[in-house]
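J.: Below is a structure I'd like to ask you about.
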RNA sequence: CGGGACGUAGCACAGCUUGGUAGUGCACUUGCUUCGGGAGCAAGGGGUCGCGUGUUCAAAUCACGUCGUCCCGACCA
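Numbering (our numbering), first residue to last: 837 to 1399.
Next up, the structure:
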């Protein structure tokens, strides 16, 4: 492509509305443009990269034996009613009505439609297994779009669905997808971890996430410095040390006016956080429950939800807390409370600690479980922390941020049961089909790659994804020999099927160099003064050195580079 | 949905307190000089000051409303 007569622009300054490196670099390089909150235009360069990402995934999916289809985005609302997900997904679903008043939604994910598609084919066990996938726009009305392309309301997802007769079949289908995902992300040059995660709204038996390791990711990845353990913090189990109890001291009241917060207690009374507990009142399926953890631990709501098999888990509002604890916010505690008390296992290891007294301005000190109060149940309900013991090998835990670029689910029979997708087995009995679902967010891949590959000058695309593998820059377009030589080179490379960018704009050299760096072209060929000796300069985006090569060496050099 | 901020040219912003002819830098056009890492000088083009209502002789500026955007939180497939 020749820049002179193309749609091409770059911005010199950061865009105010973008809060991430990738959002800014992609905007400044003219690849994307925000249109509304969480809704983007893909402009020519950005769309080219997106297509390359799609192509890589498509090839791997096809090799894994999946077949590509395309489902609609406009879907009758009743289909989600049937599967029970209309209420579950709730206001995250864009809803609208047609001219006759019939309710439709814009598809946020497509398990239901794929089940319907499958039901046209599946009658007998002989019709299984198979796998269908699509690249298609999803709509999710996120409460808070963020980080450029990372949390958006309209995005393209590759979603695949496997259909098997039993769990053994699912295991095979699932592994094929995991392998295809690994191959895809490897080819894109993304550094990622596979972590176990919560199944969330999807439900089912197992969820694993492919997390690109970056600074800004929204997810906290729990990793071990010794073994391969990797988990999303929301499901990572915690190991609790054996209790080493001190001699029990006499419990007493401590007058603590206006210090309902942990930090104030630490500051004002010189009590360390591992000698205090945090008691929070939660509404779990609308029932109040007191949840206790050590003061320096965080409560994990996903674990709470699982513990109670609950639909909703939320912090109780202030009024409820004050009614139940008979005190101002900050003074709730387990003694004399009427609710169930769920305590983290770590509470068992504590002695002579501090709790809220359910009385405004008062705490109890030297409290001990068993002697001073009873709990309904001990459970693992806290978040694991850096430095904790690895639940797998006992090694040391550390955290990384991650961007969820892919997710694989073993759904089991959740959707096939809800929607009646059954097959007849060899013994003439009906069984629900066993499903898996597998997603990759292509826009997130793009953002993750930029997050992982950039410097002060701009994006550094991996060769496989760069919008153009090579750029030819003419230093001075007014010098005939430079222009004509560059034009000739452009033709030679193009004729060999190389996608090459010719910067023939009437701009100063600095502008062109900076633009080519910003948009991240991996190889730059500069046609300048040295053309008088029949030589051009060659520079790689990720290296500083410039080498001179003869004109007739350009084609083999480029071919070798792009290989 | 709760808390906070912002909305003035394609982009980034000033002007608003104290109402009186719409500004700056980058980008854009033309000319001259320059020409290998975002040039200089000069002359230009481009704005319903988010939208609405009100106060006023007069509103970018004050008041109220509304829409949008961003940040923190809640939520999150």
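Glycine residues also receive a C-beta, built at the ideal position from the N, C-alpha and C atoms.
From a predicted model like this one, the values you see are computed outputs, not experimental measurements.
Around the C-beta of residue 936, are 16 or more other C-beta atoms found within 10 angstroms, so that it is buried, or is it exposed?
T.: Exposed.
J.: Tell me the start and end of each unbroken alpha helix (DSSP H) in the region 1065-1131 that is at least 4 residues and wholly inside, in chain order.
T.: Counting only runs of 4 or more, we get 1098-1105.
J.: Have a look at residue 1053 and residue 1067 and give me their C-alpha separation to the nearest angstrom.
T.: Going by the C-alpha atoms only, they are around 15 Å apart.
J.: Within 10 angstroms of the Cβ of residue 1061, are there 16 or more other Cβ atoms? Answer buried if so, exposed if not.
T.: The residue is exposed, with fewer than 16 neighbouring Cβ atoms inside 10 Å.
J.: Per DSSP, which residues does residue 1382 bridge with? Please list them.
T.: Paired residues: 1375.
J.: Going residue by residue through the region 1217-1258, where are the continuous beta strand (DSSP E) segments of at least 3 residues, counting only ones entirely within it?
T.: Listed in chain order, the complete beta strand (DSSP E) runs (minimum 3 residues) inside the region 1217-1258 are 1233-1248.
J.: Report all residues from its chain with a CB closer than 6 Å to the CB of residue 1242; omit the five preceding and five following residues, and keep chain order.
T.: Contacts found: 1017, 1046, 1276.
J.: Enumerate, from N- to C-terminal direction, the unbroken alpha helix (DSSP H) stretches of 4 or more residues contained entirely within the region 1314-1375.
T.: Taking only runs of at least 4 residues, the alpha helix (DSSP H) segments lying wholly in the region 1314-1375 are 1316-1331, 1345-1355.
J.: So the alpha helix (DSSP H) residue 919 belongs to, where does it begin and stop?
T.: Start and end: 913-919.
J.: Among the candidates 1095, 1090, 1105, 1173, whose CA atom is the shortest distance from the CA of residue 1124?
T.: Of 1095, 1090, 1105, 1173, the residue nearest in Cα terms is 1173.
J.: Is residue 1060 helix, strand or coil when you go by DSSP?
T.: Strand at residue 1060.
J.: At the level of alpha carbons, what is the spacing between residue 854 and residue 984?
T.: Those two C-alpha atoms are separated by around 6 Å.
J.: Give me the Cα-Cα distance between residue 1225 and residue 906, rounded to the nearest whole angstrom.
T.: Taking the straight line from one Cα to the other gives about 46 Å.
J.: Kindly provide the ranges of any beta strand (DSSP E) runs that are 3 or more residues long and lie completely inside the region 1003-1046, ordered along the chain.
T.: DSSP runs (the beta strand (DSSP E)) wholly in the region 1003-1046: 1028-1032.
J.: Would you tell me roughly how many angstroms separate the C-alpha atoms of residue 1137 and residue 1279, rounded to the nearest one?
T.: If I take the Cα positions, the gap works out to 29 Å.
J.: Take residue 1027 as the anchor and find which of 1237, 1081, 1147, 1187 has the nearest alpha-carbon.
T.: The residue with the shortest Cα to Cα distance from residue 1027 is 1237.
J.: Given 8 Å as the limit, is there contact between the region 1185-1198 and the region 1212-1219, that is, 3 or more CB pairs closer than that?
T.: With the cut-off at 8 Å, the region 1185-1198 and the region 1212-1219 do not touch.
J.: Per DSSP, what are the beta-bridge partners of residue 877 in this structure?
T.: Answer by DSSP bridge pairing, in chain order: 869.
J.: Would the beta-carbon of residue 1302 fall within 8 Å of that of residue 1358?
T.: In this structure, residue 1358 lies closer than 8 Å to residue 1302 by Cβ.
J.: Residue 923 by DSSP, collapsed to three states: which one?
T.: It is helical.
J.: Specify whether the region 1373-1383 and the region 1335-1345 touch according to this definition: at least 3 beta carbon pairs, one from each stretch, less than 8 Å apart.
T.: In short, these stretches do not touch, since the Cβ pair count stays below three.
J.: Measure the C-alpha to C-alpha separation of residue 872 and residue 1388 and round it to an integer number of angstroms.
T.: Approximately 49 Å between the Cα atoms of the pair.
J.: Would you call the region 1138-1152 in contact with the region 1096-1115, where contact means no fewer than 3 C-beta pairs closer than 8 Å?
T.: These segments do not touch.
J.: Please confirm whether residue 947 and residue 997 have their CB atoms less than 8 Å apart.
T.: Yes, the Cβ-Cβ distance between residue 947 and residue 997 is below 8 Å.
J.: Is the Cβ-Cβ distance between residue 1000 and residue 1042 less than 8 Å?
T.: No, they are not a contact pair.
J.: Just reading off the beta strand (DSSP E) that residue 999 is part of, what are its end residues?
T.: Segment 990-1000, the beta strand (DSSP E) holding residue 999.
J.: Measure from the alpha carbon of residue 1339 to the alpha carbon of each residue in 1167, 1351, 900, then state which is nearest.
T.: Here the closest residue by C-alpha is 1351.
J.: Near residue 1147, which residues of its chain fall below 6 Å by C-beta distance, leaving aside the five closest residues on each side in sequence?
T.: So the qualifying residues of the chain are 1121.
J.: Residues in the same chain with beta-carbon distance under 6 Å from residue 1150, minus the five sequence neighbours each way, listed in chain order, please.
T.: Here the set comprises 1119.
J.: Can you tell me which of the three DSSP states residue 859 falls into?
T.: It is helical.
J.: Would residue 884 and residue 876 qualify as a contact pair, given that the criterion is a beta-carbon distance under 8 Å?
T.: Not a contact, by the Cβ cut-off of 8 Å.
J.: Under a three-way DSSP split, which group does residue 1191 fall into?
T.: Looking at residue 1191 - three-state DSSP - the assignment turns out to be strand.
J.: Which first and last residues belong to the beta strand (DSSP E) in which residue 1159 is found?
T.: Where residue 1159 is concerned, there is no enclosing beta strand (DSSP E), although the alpha helix (DSSP H) it sits in stretches over 1154-1161.
J.: Any idea if residue 1253 is buried or exposed, counting beta-carbon neighbours within 10 angstroms, 16 or more meaning buried?
T.: Exposed: under 16 other Cβ atoms inside 10 Å.
J.: With DSSP run on the structure shown, which of helix, strand or coil describes residue 1269?
T.: Residue 1269 falls in the coil class under three-state DSSP.
J.: What residue from 911, 1024, 897 has the CA that sits closest to residue 1011's CA?
T.: Looking at the Cα atoms, 897 is the closest of the given residues.
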